[in-house]
Amino acid sequence: TKNNYLHHNISVQPFNILLGRITANYEYINKNGTIGILLPLSITFDPVGPIYKPNKDSSGVTSYRHIKGLNFVTGADLNFYPGKGRFKGFFIGPRIRYGVDMFLSNIEGYSLQTQLGMRNESYKGHAFHSLSVGFGFVRILSSPAGNLISPKETFGWASINYRIGFGW
Numbered sequence: 144t145k146n147n148y149l150h151h152n153i154s155v156q157p158f159n160i161l162l163g164r165i166t167a168n169y170e171y172i173n174k175n176g177t178i179g180i181l182l183p184l185s186i187t188f189d190p191v192g193p194i195y196k197p198n199k200d201s202s203g204v205t206s207y208r209h210i211k212g213l214n215f216v217t218g219a220d221l222n223f224y225p226g227k228g229r230f231k232g233f234f235i236g237p238r239i240r241y242g243v244d245m246f247l248s249n250i251e252g253y254s255l256q257t258q259l260g261m262r263n264e265s266y267k268g269h270a271f272h273s274l275s276v277g278f279g280f281v282r283i284l285s286s287p288a289g290n291l292i293s294p295k296e297t298f299g300w301a302s303i304n305y306r307i308g309f310g311w
């Protein structure tokens, strides 16, 4: 039997706000319920100041300057849903992101990962949540951090993503 997912899904990633991102996702799942194309859009901001208190050094001087403004991160995921029975909802696939992360000192880059996840449905399939883990790399394109993080470098990268949403 095939997965009976609804074809259009909207979701948010509520825990991303702790990392300075407000993220909304749209996913289209094919008729067979075997392939999903997910398009995320994150508005990024520096959460130190609005969410976290800046650190002060031993003399009482704030050691971190809040970066004002907003930026974005976007990309695409290709989710394969091969699971049946107990593994219904399992997905695997590539994900790519590009943008400027304000929490990481206004660093511009792109990442490519392979993600593994599980999607669970409730309320007759209209509401769902999913949890995934991604492993891959990030390529830094520009960085105001100077010698600390040099542009044109590639680093190992990982992510944990939790989404809640609904479908129609």
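Under our numbering, the first residue of the sequence shown carries the number 144, and numbering increases by one thereafter.
Built from N, CA and C at the ideal position, the CB exists for glycine as well.
Note that this is a predicted model, so its numbers are computed, not measured.
In this structure the stretch 245–255 does not touch the stretch 219–234; the number of beta carbon pairs closer than 8 Å is below three. Comparing alpha carbon positions, the residue from 220, 271 and 191 closest to residue 240 is 220. Nearest to residue 169 by C-alpha distance, out of 277, 158, 185 and 177, is 185. Residue 152 and residue 278 have their C-alpha atoms roughly 24 Å apart. Residue environment: residue 275 is assigned as buried (16 or more neighbouring CB atoms within 10 Å of its CB, all protein chains considered).
For residue 171, the pairing in a beta bridge is given by DSSP as 151 and 180. Note on residue 172: 16 or more other CB atoms within 10 angstroms of its CB, so buried under the neighbour-count rule.
Among the bridge pairs identified by DSSP, residue 224 is matched with none. With a cutoff of 8 Å on beta-carbon distance, residue 190 and residue 161 are scored as near each other. When the Cα atoms are used, residue 245 and residue 180 turn out to be separated by approximately 26 Å. When DSSP states are grouped into helix, strand and coil, residue 249 belongs to the coil group. Taking every protein chain shown into account, the CB of residue 286 has 16 or more other CB atoms within 10 angstroms, so this residue is buried. At least 8 Å separates the beta-carbon of residue 309 from that of residue 298. Across the set 218, 187, 223 and 228, the C-alpha of 187 shows the shortest separation from the C-alpha of residue 210. Taking all protein chains in view, the Cβ of residue 304 is crowded by 16 or more other Cβ atoms within 10 Å, so the residue is classified as buried. The C-beta distance from residue 272 to residue 263 rounds to 6 Å, short enough to meet the 8 Å contact threshold.
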